[in-house]
Amino acid sequence: MDSITGTYYGVLPPDIKTTLTLNADGTYLLIQPYKEKQKEQERLRGTFQVLDYNILMLVHPSSGEHTFYKVKDANHIVLIDSFGNEPQKEDKKNYILKGKYRKI
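Residue numbers for the sequence shown, in this note's numbering: 2 to 105.
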């Protein structure tokens, strides 16, 4: 799990700036602007699990919903649906979060 910990960022459709931090203890922090108020941020905290070695399942405790990402490599994760399907090739680049490097 240590190899995927860190902070990932990107802009997911429809133009939502996203920052996702995965912690070594299995918790996460997801920061996105509110849909109605782009200047205010929503901060979601919860836990995540690694499924099938490269699928991340984020569990949102307040809603019980799950969000899934596929680990592409050490620096990229892609938002997928609950069946593990990636976005269509022409749209895939719009669903990727890139890792930020942290000094240790």
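Glycine included, every Cβ here is placed at the ideal spot set by N, Cα and C.
As the structure is a prediction and not an experimental result, all values here were calculated from the model.
(request) For the beta strand (DSSP E) holding GLN50, just list the boundary residues, first then last. (result) 42-52
(request) Would you mind giving the Cβ-Cβ distance between THR20 and ILE32, rounded to the nearest angstrom? I have them listed as a contact below 8 Å. (result) 4 Å
(message) Using the three-state DSSP reduction, which class does LYS90 fall into: helix, strand or coil?
(response) coil
(message) Buried or exposed for TYR9, going by 16 or more other Cβ atoms inside 10 Å?
(response) buried
(request) Spell out the partners DSSP gives HIS77 in its beta bridges. (result) ASP74 and LYS99
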